[in-house]
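Trainee: Handing you a structure now.
Protein chains: 2
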Amino acid sequence: MIGKFNLTPMLKPKSVAIIGASRNPEKVGNIILQNYVSAGYSGKLYPVNPNADEILGLKCYKTMQEIGEEVDLAVIAVPAPMVPMALEECGKSKSKSVIVISGGFSEIGETALQEQIKNMANKYNIPMLGPNCLGVVDTRSRTDTMFLPSFKITRPQVGFVSFVSQSGAVGSTVLDIIGGEGCGLSKFISYGNAAQLDEVDILEYLMNDDETKVIILYIEGIRRGKEFVELARKITKKKPVIVLKAGRTSAGQAAAISHTASLAGNYATQEAIFKQFGFTIAKDLSELVYYAKIFSSEIEPNGNRVAVITNGGGTGVITADAIGSSELLKMAEYSNQTKKTLRKAMPPLVNITNPLDLAGDADSKRYSDALNAVCSDPNVDMIIAIVLFQTPGADSTVTACVVHQKETVPKPIIAMSMGANYTQGQKVQMEAGGVPTYDSPAEAIASLEALFKYAEFKRKIKG
Amino acid sequence: MIGKFNLTPMLKPKSVAIIGASRNPEKVGNIILQNYVSAGYSGKLYPVNPNADEILGLKCYKTMQEIGEEVDLAVIAVPAPMVPMALEECGKSKSKSVIVISGGFSEIGETALQEQIKNMANKYNIPMLGPNCLGVVDTRSRTDTMFLPSFKITRPQVGFVSFVSQSGAVGSTVLDIIGGEGCGLSKFISYGNAAQLDEVDILEYLMNDDETKVIILYIEGIRRGKEFVELARKITKKKPVIVLKAGRTSAGQAAAISHTASLAGNYATQEAIFKQFGFTIAKDLSELVYYAKIFSSEIEPNGNRVAVITNGGGTGVITADAIGSSELLKMAEYSNQTKKTLRKAMPPLVNITNPLDLAGDADSKRYSDALNAVCSDPNVDMIIAIVLFQTPGADSTVTACVVHQKETVPKPIIAMSMGANYTQGQKVQMEAGGVPTYDSPAEAIASLEALFKYAEFKRKIKG
């Protein structure tokens, strides 16, 4: 057991029972089973439904007891009033973990029913996620309990970001963005009403999970303040945590009460705690994703001096403005050695300045020469490679060249590219190659700031 | 003549000569000609090249004089030293306008050569754009002098936004974003070194252009401050202008000097002018696009009260937070009539609050009922329809329902949807239906703020 609860059977199940599996393709119990089958899950799958013999080609069981095995994970997708009975079956057949997908509990005022299933889970000592949640995705074990079809949500590739979300809708949206941008995911845990397992339990587990190197967290309320603070004190020493706390303002708090009936709490206090313990604070869903990208590159900057390389002068100027407006970052000044190397390698019309404007006809050779010189400069801590793929010379060879630098240089290197189809394709390649890639100077600079701030936090607690 | 210069022959040419047309598909003169042919331009096309008889199936002319017609537009794409000769030919053959695409002038210190072509254009009294520019795109006349292939830049559809850019690279990038998002464009004018025509001349023309309802402007320097201020005083009374002035900080100013050799000027002064005359100020390329979208919907809000409708509670809370943090906007309070109507139309589990959370199973019927009630509420000035397309009930029928509201309700209605492929497809449909569609609460709120601010500015100057 890693935290108070061992979530390994839930995330890495060798066997999964789906209670409420259905032959009707519109039913949640069918979509979940279908997703397991399509994802190529290699463990044992047990559909449970008293009224069916076979679903999607799999033998169907009338009860949990009939399976005759202690399953690692039981996914419950039956109407709320039937959940206690299903849970009782899980307890008696010694399931090692349970996810209650079904809604119809405290979120609609059915607090007694929720209390009942919480007590049952505790009585049988089973870790229980939900109710009213999407459950979990683990890209390595290919477990995926989301009842949302894959044509609507691009499933992310294997990676090291784990995402904990109180809200299922926010969770699925962010997952879709992560998937679409080609950024990797380790685990997604949607905990819904948190009858038993809550954000503290889940974070405790992820803090010690080797497959998780970055945590992103969406919460509306913090139920166990004291335990949260204790955990906060420890977790950021181990890995970066990005938090989006909804209900920051009175307008948002009113909305949060209506949404999850949980008190949002005093945001000023919460923000002070987040800041004290080195959390990265996001205020928008998009920020969760772009901070996740920068931290998953896993390289911390030694300082705050940024070099900008571009094939579009104007975009270089806008980026310099964004750095000029930053309270944390500054433009790097090249060493004399770098200036000499660049002057020799660049065409006469390229001014040797930062930002370095390689001009609209820059190709991979010019990018490569520039990146080689700038990235090895001891006066440069972080590098932004702007690639405007609209220009004639910018194509996949430039992408490959940025990825190569990322693989060989122990400094944070990010890319910035803006545009439609052709550009989007190249951006996914960059991300697949481990280069965090941004849509705008504002996003790129905010991300580098967050990375620098966390590096400073870690230096402070070490020194 | 509308401004000091008549740009109609340049933007709506009945005949175009391309000086430097080439048979080599990698040459600028070939790509431009090819783009005209592919775009279905219906005027007369005259390739000019002394060494060819035919290019892309079109008869080729040795000189401008040989054409035997006063062409509306001559596009010059020959090496810099040959530009004066080409321009002389244009003057003698009475071309009505000229675009010099070629680089190699003041941007590399060749100020004398630039002065020479400026004097020639003035001597012959020809409006001349450039040199060192991408020229123009006019979606209605299908003129397009960009030497960038269409697979790299998604060309925008016909619309009412005109975009003036000093930088070609910034221009092409923003155009690609506009095209990719399905937002419409009227004209794109890249003016480069501005030997003769500059931002003031171009804005003067666009101010009186009926096909232009919104202007977006990217500038690094303002050369004729006095004339700019005179124009600024008039232009925003007629239509909204969004400006991104690069070189706002000392880091950016240093970069701007290196980029275009033009002094960026004192930004505090410039910003004061922009604010005084009701310009919308952008600080990032992405802002140019999202402000352009909100203004092109052409409906001004009567007040600052925002209603939020969502199928994801968490996203509603984050949006309420963004409104709660705004100094300009506030959450609307529904009238009693609206509350009654909603209570009757919505399922019991939907709380009648703002944000209105329609729940994860909301379909087009529920959206339609909610939008009908909320949009007609006299206490609501602006509406944000959040549609998370990841959820089961959200599909193109919901998109159609939001578009229908937009078409029938005289209040600003915007949409917010985040996600990958499926969502992107729906967003393009929303934009095509005239609904400005945003990626995040931050973008959506900033856009509504800009719209409200401009409406207030117009009320002030009227009253």
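Going line by line, the protein sequences match chains A and B.
All residue numbers for the first sequence refer to the working numbering, where the first residue is 2 and numbers rise by one.
All residue numbers for the second sequence refer to the working numbering, where the first residue is 2 and numbers rise by one.
For glycine and all other residues, C-beta sits at the position ideal for the given N, C-alpha and C.
Against chain A, with Cβ distances strictly below 9 Å, would Phe453 of chain B count as a contact?
Mentor: no
Trainee: Helix, strand or coil: which one does DSSP assign to Ile274 of chain A?
Mentor: helix
Trainee: From the DSSP secondary-structure annotation, give me the bridge partner or partners of Met332 of chain B.
Mentor: B:Val307
Trainee: What does DSSP give as the partner residues of Pro128 of chain A in its beta bridges?
Mentor: None, per the DSSP bridge assignment.
Trainee: Just how far apart, CA to CA, sit Ala18 of chain A and Asn123 of chain A?
Mentor: 20 Å
Trainee: For the beta strand (DSSP E) holding Leu18 of chain A, just list the boundary residues, first then last.
Mentor: Contrary to the premise, residue 18 of chain A reads as Ala rather than Leu in this sequence. Unbroken beta strand (DSSP E) run through Ala18 of chain A: Ser16 to Ile20.
Trainee: Could you give the distance in angstroms between the alpha-carbon of Met383 of chain B and the alpha-carbon of Pro51 of chain A?
Mentor: 51 Å
Trainee: Can you tell me whether Ser43 of chain A is buried or exposed? The criterion is at least 16 other CB atoms within 10 Å of its CB, across all chains shown.
Mentor: exposed
Trainee: Just confirm the distance between the C-beta atoms of Lys13 of chain B and Asp202 of chain B, as a whole number of angstroms; I'd bet it's less than 8 Å.
Mentor: Not a contact, Cβ separation roughly 17 Å.
Trainee: For chain B, find out if any of its Cβ atoms is closer than 9 Å to the Cβ of Lys463 of chain A; answer yes or no.
Mentor: no
Trainee: Ignore the nearest five residues each way along the sequence and tell me which others in Gln338 of chain A's own chain have a CB closer than 6 Å to its CB.
Mentor: none
Trainee: Between the alpha carbons of Ile509 of chain A and Ile274 of chain B, how many angstroms are there, rounded?
Mentor: For residue 509 of chain A there is no data in the structure shown, the boundaries of chain A being 2 and 464.
Trainee: Helix or strand or just coil, what does DSSP make of Ser418 of chain A?
Mentor: coil
Trainee: Any idea which residues DSSP pairs Ser163 of chain A with across the strands?
Mentor: Bridge partners of Ser163 of chain A: A:Lys188 and A:Ile216.
Trainee: List the endpoints of the continuous alpha helix (DSSP H) containing Gly248 of chain B.
Mentor: Run containing Gly248 of chain B: none; DSSP gives neither H nor E here.
Trainee: With a cut-off of 9 Å, does the C-beta of Ser441 of chain B fall near any C-beta of chain A?
Mentor: True, the Cβ-Cβ gap to chain A drops below 9 Å.
Trainee: Quick one: any contact between the stretch 131 to 148 of chain A and the stretch 157 to 177 of chain A, if contact means 3 or more CB pairs under 8 Å?
Mentor: yes
Trainee: How would you list, in chain order, the residues of chain B whose beta-carbon sits under 8 Å from the beta-carbon of Arg465 of chain A?
Mentor: There is no way to answer for residue 465 of chain A, as the model of chain A reaches only from 2 to 464.
Trainee: Going along chain A, which residues have a C-beta under 9 Å from Glu221 of chain B?
Mentor: Gly314, Gly315 and Val318
Trainee: Please tell me whether Gln391 of chain B and Leu149 of chain A are closer than 9 Å, where the distance is taken between their beta carbons.
Mentor: Result yes, Cβ atoms of Gln391 of chain B and Leu149 of chain A sit closer than 9 Å.
Trainee: Taking contact to mean 3 or more Cβ pairs, one atom from each stretch, closer than 8 Å, check whether the stretch 408 to 423 of chain B and the stretch 298 to 309 of chain B are in contact.
Mentor: yes
Trainee: When the cut-off is 9 Å and only beta carbons count, does Asn422 of chain B lie next to chain E?
Mentor: Absent from the structure: chain E. Protein chains present are A and B.
Trainee: Label Val307 of chain B either buried or exposed according to how many other C-beta atoms from any shown protein chain fall within 10 Å of its C-beta, with 16 as the threshold for buried.
Mentor: buried
Trainee: Pick helix, strand or coil for Ile32 of chain A, following the three-state DSSP scheme.
Mentor: Looking at Ile32 of chain A - three-state DSSP - the assignment turns out to be helix.
Trainee: For a contact meaning CB atoms closer than 7 Å, what does Val171 of chain B contact in chain A?
Mentor: By Cβ distance, chain A contributes Gly313, Gly315 and Thr316.
Trainee: Specify, as a first and last residue, the run of the alpha helix (DSSP H) that Val375 of chain A falls within.
Mentor: Its alpha helix (DSSP H) spans residues Ser365 to Cys376.
Trainee: Counting along the chain, where does the beta strand (DSSP E) carrying Thr281 of chain B start and finish?
Mentor: Thr281 to Ala283
Trainee: Where do the ends of the alpha helix (DSSP H) carrying Tyr455 of chain B lie?
Mentor: Pro442 to Lys463
Trainee: Do Thr112 of chain B and Glu90 of chain B have their beta-carbon atoms positioned less than 9 Å apart in this structure?
Mentor: no
Trainee: Less than 9 Å between the beta carbons of Ile102 of chain A and Ile77 of chain A, yes or no?
Mentor: yes
Trainee: Could you tell me if Gln66 of chain A is buried or exposed, where buried requires 16 or more neighbouring beta carbons within 10 angstroms of its beta carbon?
Mentor: exposed
Trainee: Is DSSP giving Gly136 of chain A helix, strand or coil here?
Mentor: strand
Trainee: List, in order along the chain, the chain B residues whose C-beta lies closer than 8 Å to that of Thr174 of chain A?
Mentor: Gly313, Thr316, Leu389, Gln391, Met419 and Gly420
Trainee: Confirm, please, whether the CB-CB distance from Asn36 of chain B to Ala22 of chain B is below 9 Å.
Mentor: no
Trainee: Indicate whether the contact test is met: 3 or more Cβ pairs, each with one atom in the stretch 237 to 257 of chain A and one in the stretch 212 to 221 of chain A, closer than 8 Å.
Mentor: Yes: at least three Cβ pairs fall under 8 Å.
Trainee: I need the straight-line Cα distance from Lys284 of chain B to Ile319 of chain B, nearest angstrom please.
Mentor: 23 Å
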